[in-house]
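Numbering (the UniProt record's numbering), first residue to last: 1 to 519. Backbone N, C-alpha and C define an ideal beta-carbon position, used for all residues, glycine too. Comments concern the structure below.
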């Protein structure tokens with residue numbers, strides 16, 4: 001929007017067309033200067049110092065990535081702490097919790113986190129295109145869609161015991177898993193709100209609040225778990241109750257931050273506009289959900305396939321520990337996914353294809369260094385990591401034997417996160433979903449079954465197949481990314497934002513513009 005002689009002049013449907021006057025030029029320069037500071041964008045000099053450009057881009061990536069990493073590690077750490085407290089109560093309880101976390105929770109987590117990545121695409125591109133008021137509308141639409149999806153998923157938690165029996169689990173393990181699963185219902189709705197709020201704050205570079213609140217909540221969770229389980233001997237109800245309280249503390253603080261006036265540019269209050277254009281928003285959310293679900297469910301396949309082997313309880317317990325290690329490292333790598341998504345979406349929204357491509361290259365190199373470090377840690381400390389989760393020697397030995405495969409999986413995760421983040425930033429979730437289907441479920445799972453049951457490699461054979469699927473996915477996404485026309489992606493981002501653009505009200509618009517000029 002522009003100003004001319006104190007009157008508002010609205011742009012046409014094309015983002016970059018506007019009436020240019022001295023007054024409008026002055027206001028635009030003020031706004032652009034502030035946005036350059038927020039986005040960390042600058043005019044690129046082809047002959048400039050490459051080292052300084054790379055260093056500046058790394059700082060931009062970590063400005064987004066560090067809070068995202070802190071938040072994800074802290075929130076995932078709550079699940080790990082809960083597993084540790086439950087695991088020391090017995091192998092049956094650990095196996096039941098492992099089934100719920102890796103199958104049921106991952107099933108719902110994948111859907112809701114994936115659907116929230118649509119918010120990441122829309123808010124990121126809207127922020128880059130300076131359509132700030134639309135970000136609050138996108139957030140509210142995401143709440144509506146995610147809450148409906150969470151309600152649809154309720155039967156999976158309520159009837160999980162029967163579901164696990166149908167999948168072939170023993171009655172004892174299935175019943176234990178069913179009892180634990182009901183405790184995750186409040187966590188299900190926590191996912192519905194937390195994921196979309198974090199994407200909303202992240203795309204406008206205000207996610208530091210999310211990181212610190214999550215870290216504090218993790219400490220609260222650790223303290224409550226110790227009190228409820230170790231001191232009060234409340235067992236599983238105490239461990240799960242601690243996680244529910246700690247999780248919802250995050251959402252409450254984030255809502256206070258947004259509604260309390262700390263996001264004045266992007267939050268204009270609740271509006272019925274959130275109910276408009278729900279169908280296209282649902283379509284993008286579904287494609288986003290499918291994309292991430294196929295990724296998160298893939299690792300759960302190894303648990304389901306191992307249930308038909310001898311000594312299934314031991315294998316499930318050991319595999320749950322290994323998958324927790326890879327999932328925790330992938331949680332770290334998701335900071336690169338977040339940084340890649342935000343930087344790519346912001347730059348595409350701004351219309352700078354060159355900056356988007358350069359950011360992706362730097363992010364890829366940074367993620368590689370992190371992947372190499374953590375894969376080395378897994379190789380050297382496999383047995384010690386297992387001892388954190390259990391005191392059963394047979395389980396510890398099983399985990400130690402899988403450390404090489406775990407290390408290679410950790411390395412692949414680093415590549416996967418950056419490539420997926422670039423796709424999310426460009427709104428190409430459906431393309432990644434098709435790649436995941438072919439690489440994971442047409443290639444990876446069948447090869448794993450053959451190696452595991454026909455070649456009698458057992459769990460190692462299944463994991464070999466899964467690694468092959470991930471490796472193929474990374475290679476395909478690398479090829480697609482290298483062949484991408486980023487100028488065309490800029491055009492598509494502009495078309496998407498124009499198609500969903502809603503004019504803000506007169507009052508909110510005047511207030512918004514006045515605040516930006518003052519800033």
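Beyond the five residues adjoining it in sequence on each side, residue 239 comes within less than 8 angstroms, by CB distance, of 82, 85, 86, 225, 228 and 229 in the same chain, given in chain order. For residue 285, same chain residues with a beta-carbon under 6 angstroms away, outside a window of 5 residues either side, are 115, 118 and 145 in chain order. If you check the CB distance, residue 211 and residue 67 come in under 8 angstroms. In the three-state reduction of the DSSP assignment, residue 267 falls in the coil class, being assigned neither a helical nor a strand state.
One Cα belongs to residue 162, the other to residue 147, and the distance between them is close to 24 angstroms.
Per DSSP, the unbroken alpha helix (DSSP H) holding residue 212 starts and ends at 208-225. Apart from sequence neighbours up to five positions away, the residues of its chain that approach residue 282 with a beta-carbon distance below 7 angstroms are 145, ordered along the chain.
When the five nearest sequence neighbours on each side are left out, the beta carbons in the same chain lying within less than 6 angstroms of the beta carbon of residue 72 are those of 331 and 334, in order along the chain. Counting only runs of 4+ residues, the alpha helix (DSSP H) found wholly inside the segment 50-87 occupies 50-87, in chain order. Counting C-beta atoms within 10 angstroms of its own C-beta, residue 485 has fewer than 16 neighbours from the protein chains shown and is therefore classed as exposed. Taking 8 angstroms as the cut-off, the Cβ atoms of residue 196 and residue 178 do not count as close. Here the alpha carbon of residue 385 sits roughly 12 angstroms from the alpha carbon of residue 320. Each of 54, 49 and 98 was checked against the Cα of residue 302, and the nearest Cα belongs to 98. DSSP places residue 121 within a helical segment (H, G or I) once states are collapsed to three. The residues 336, 340, 363, 364 and 367, in chain order, have a CB closer than 6 angstroms to that of residue 418 in the same chain once the five nearest residues on each side in sequence are set aside. For residue 343, the CB contacts under 6 angstroms within the same chain, skipping 5 residues up- and downstream, are 359 in chain order. If you look at residue 187, you'll find it in the alpha helix (DSSP H) that goes 185-203. Note on residue 120: 16 or more other CB atoms within 10 angstroms of its CB, so buried under the neighbour-count rule. When the alpha-carbon of residue 95 is set against those of 436, 180, 432 and 110, the nearest one is in 180. Three or more beta-carbon pairs separated by less than 8 angstroms link the segment 495-503 to the segment 123-143, which places the two stretches in contact. Inclusion of residue 448 and residue 475 in the CB contact set at 8 angstroms is not warranted, their separation being larger than that value. In this structure residue 203 touches residue 345 by the C-beta definition: roughly 7 angstroms separates them, less than 8 angstroms. Straight-line spacing of the CA atoms in residue 413 and residue 108 works out to 21 angstroms.
In the structure shown, residue 392 adopts coil according to DSSP, grouped into three states. Uninterrupted alpha helix (DSSP H) stretches at least 4 residues long and entirely within the segment 299-363 occur at 312-350, given in chain order.
Between the alpha carbons of residue 175 and residue 398 lies a distance of about 25 angstroms. 8 angstroms or more divides the Cβ of residue 64 from the Cβ of residue 249. With the rule of 3 Cβ pairs closer than 8 angstroms, the segment 431-445 counts as touching the segment 287-299. Contact between the segment 403-410 and the segment 370-377 is present: three or more C-beta pairs spanning the two stretches fall below 8 angstroms.
Here residue 141 has 274, 278 and 281 as same chain residues with Cβ atoms under 7 angstroms from its own Cβ, once five neighbours each way along the sequence are excluded. The DSSP-derived three-state label of residue 162 is helix.
Per DSSP, residue 274 lies in no alpha helix (DSSP H) segment and is marked neither H nor E. 184 is the residue among 207, 234, 464 and 184 whose C-alpha sits nearest the C-alpha of residue 105.
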